[in-house]
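Here is the structure we will look at, set down as structure tokens.
Protein chains: 2
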Amino acid sequence: MLKDFKWQPQGQASFGGALLGLYQRLDQCFVRLAQGCQAREFKFPSHLPAVTLEKLDYFNSFPHLITMPVTLERSEENLENFRGNRALHDGAISLTRIAPIRHVLTPAACYHFYQFFDGSSLEGPLYLTTAATCNRCEDYYEPLQRQWNFNMREIVCIGAADTVKSFLAEHEEKVSALAKKYGIAITWQDATDPFFKPAQNPKHLAQRLDPVKKEMIFGDGLAIGSVNFHRNYFGEAFHITANGEAAYSGCVAFGLERWMHAVIKTFGEYPKDWPDFA
Amino acid sequence: MLKDFKWQPQGQASFGGALLGLYQRLDQCFVRLAQGCQAREFKFPSHLPAVTLEKLDYFNSFPHLITMPVTLERSEENLENFRGNRALHDGAISLTRIAPIRHVLTPAACYHFYQFFDGSSLEGPLYLTTAATCNRCEDYYEPLQRQWNFNMREIVCIGAADTVKSFLAEHEEKVSALAKKYGIAITWQDATDPFFKPAQNPKHLAQRLDPVKKEMIFGDGLAIGSVNFHRNYFGEAFHITANGEAAYSGCVAFGLERWMHAVIKTFGEYPKDWPDFA
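Residue numbers (the numbering used here), protein chains in the order written: chain L, 6 to 283; chain D, 6 to 283.
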């Protein structure tokens, strides 16, 4: 029974005290990794425009994951009807007319960067980092391990193919060293993105044939992060060029709550037994 | 023209570099204020259960402000229909069947605390702090000043009436001193919450007759924060007791992007001219 922790069955965690301290120290640890390549940090909004995700074929590939921020159509009549409806039935909101839905709650932190640098001609590689609250709808949820909303720290490189490949190889080693230093057992496994109906999606087949995603698998089988090579997919979709060609990109992603889980599973629930991650 | 800043017309800001540094230093400044009363920090999920807001009559008072996280009903047939629909028409998503909506995106950071301490009998006052991304739907948006999603740092006290009143009086003075120290011109004004059809809402009338909200108004008329006395409203709604009676509560709230605006408006757009907030 964790102290200062509360779980809502719909996939959401609240925490304070030593758990928040752990969360913050883990994130700082990954920020220091990002500082190793002079990554520039950004803060992004909660939502991504639907048109941005459409460029990535997201609605076709991951319809089961999306959460959309929906507001009521703002006419006085409609808002009055909403109130008159009495808002809740069995804990669920009864909608009246809604405004057009033009956004999706951020499903992965790094998408914001490709949008931010949309149309850029890069003179040298970009090294970037951000942490974002991500939302992914799932069939079931488990505290710290599988949450509707959770936090992801990413370190991203956008540039020429070789630069991105070196960045990813170097960070795979650095993450292995970091995990070893703090006693978190991880192994690396080739993986694919969680496509809807994967067998029918040519992208899934392409990822199977030529893996571009490696997951950091914690002892009990949970992916607590990943290293991803996007080739020039985002460069093409967002017209970002390096040396006159579509830029390549790659990212290293850390699931912050999943790292908390790995620490607690490895060292127990007493904060005095946890590594300091200093 | 701010550097490392991008604005999406739908009320959302992205920033890095010196602006992110300013954001972080401002927040740290308010965290130090919170440490002055040994406030315990918490991190909360993005969403609040609708049943929690229903207890506060939120859907009746603020239907115009809410943003709901909506997901698709997860049957294979429904997800296939969504894909077949082609997701976007004029940049807007075409829905198929949606799952019951049981949440609202956090509209104010402190609500999470009343839910977290639901049913508690307090032995002494609680001093708490959290920062949260809040969502409020508005008629129009302006960078840093009025955003669909923005960040709010709050310091909260829950306890006996006198304790809460002293907390609020003390923090009003501390905030005035802090603003003066850094050269941000603020005045205090009685205010009311932004009710839908205020003239018809008895809560609005009650707030007019006996003000419970004081806003920190920055020079050009923008509220960059507020001090709020909730009486025992949350204590009653969430069965939190102090000395056997419904607990009183109050909070001091800071709009982080609005404080950034106040700094830029006061000192200009060059970071070298900004206070260090150390």
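C-beta atoms are modelled at their ideal positions from N, C-alpha and C, and glycine is treated no differently.
Quantities reported herein were computed from a predicted structural model and do not represent experimental measurements.
- Please compile the residues from chain L whose C-beta is within a distance smaller than 7 Å of the C-beta of residue 25/D. 46, 47 and 48
- Task: Using three-state DSSP, classify residue 122/D as helix, strand or coil.
- Result: coil
### Within chain D, partners of residue 269/L - CB distance below 9 Å
The premise fails here: residue 269/L is roughly 16 Å from chain D at the closest Cβ pair, so nothing lies under 9 Å.
* If you draw a straight line from the alpha carbon of residue 123/D to that of residue 163/D, how long is it in whole angstroms? -> 12 Å
query: For the putative contact between residue 96/D and residue 109/L, defined by C-beta atoms under 8 Å, what is the C-beta separation to the nearest angstrom?
result: Between residue 109/L and residue 96/D the Cβ distance is about 12 Å, and since that is not below 8 Å, they are no contact.
### Query
Since residue 185/D is in the alpha helix (DSSP H), which residue starts that stretch and which ends it?
Note, residue 185/D: alpha helix (DSSP H), 166-187.
_Considering just the uninterrupted stretch of the beta strand (DSSP E) at residue 255/L, what are its terminal residues?_
253-260
Quick one, are the C-beta atoms of residue 84/D and residue 93/D less than 8 Å apart?
no
When you compare the CB positions of residue 135/L and residue 53/L, do they come within less than 8 Å of one another, or not?
no
Open item on the list: Looking at residue 152/D: is its Cβ nearer than 8 Å to the Cβ of residue 33/D?
Closed with: In this structure, residue 33/D does not lie closer than 8 Å to residue 152/D by Cβ.
- prompt: Where does residue 243/L sit, in a helix, a strand or coil, going by DSSP?
  reply: coil
*asked:* So the candidates are 245/D, 230/D and 81/D; which of them puts its Cα closest to the Cα of residue 200/L?
replied: 81/D
### Query
Counting contacts by CB-CB distance shorter than 8 Å, is residue 52/L in contact with chain D?
It does: the Cβ of residue 52/L has a partner Cβ on chain D nearer than 8 Å.
Residues of chain L with CB under 9 Å from residue 21/D, in chain order? 45, 46, 47, 48, 121, 133 and 135
Would you mind telling me which residues of chain L sit closer than 7 Å to residue 105/D, beta carbon to beta carbon, in chain order?
97
Taking Cβ to Cβ, would you say residue 178/D is nearer than 8 Å to residue 258/D? No, they are not a contact pair.
Fill in: C-beta neighbour in chain D for residue 75/L, strict 8 Å
yes
Would you say residue 71/D faces chain L, with C-beta separation under 8 Å as the test?
-> yes
What residue range is occupied by the uninterrupted beta strand (DSSP E) comprising residue 232/L? 228-234
**Study point:** Members of the segment 191-210 of chain D near chain L, C-beta cut-off 7 Å
**Key:** 201
Tell me, to the nearest whole angstrom, how far the beta carbon of residue 4/L is from that of residue 24/L; I am working on the premise that it is less than 8 Å.
The first residue shown for chain L is 6 and the last is 283, placing residue 4/L beyond what the model contains.
Since residue 130/D and residue 165/D should fall inside the 8 Å C-beta cutoff, what is the C-beta to C-beta distance between them, to a whole number of angstroms? 7 Å
Q. What's the call for residue 154/D, buried or exposed, on a 16-neighbour Cβ count within 10 Å?
A. So residue 154/D ends up on the buried side.
- prompt: Should the segment 249-258 of chain L be called in touch with the segment 165-176 of chain L, which here means at least 3 C-beta pairs below 8 Å?
  reply: yes
(request) Go to residue 75/L, then tell me how far its beta strand (DSSP E) extends in each direction, as first and last residue. (result) 72-76
Q.
Could you give the first and the last residue of the continuous alpha helix (DSSP H) run that contains residue 10/L?
A. Run containing residue 10/L: none in the alpha helix (DSSP H); it sits in the beta strand (DSSP E), 10-13.
- Task: Take every Cβ of the segment 217-229 of chain D, pair it with every Cβ of the segment 188-204 of chain D, and state whether three or more of those distances are shorter than 8 Å.
- Result: yes
**Prompt:** What in chain L is Cβ-close to residue 13/D, meaning under 8 Å?
**Reply:** 50 and 54
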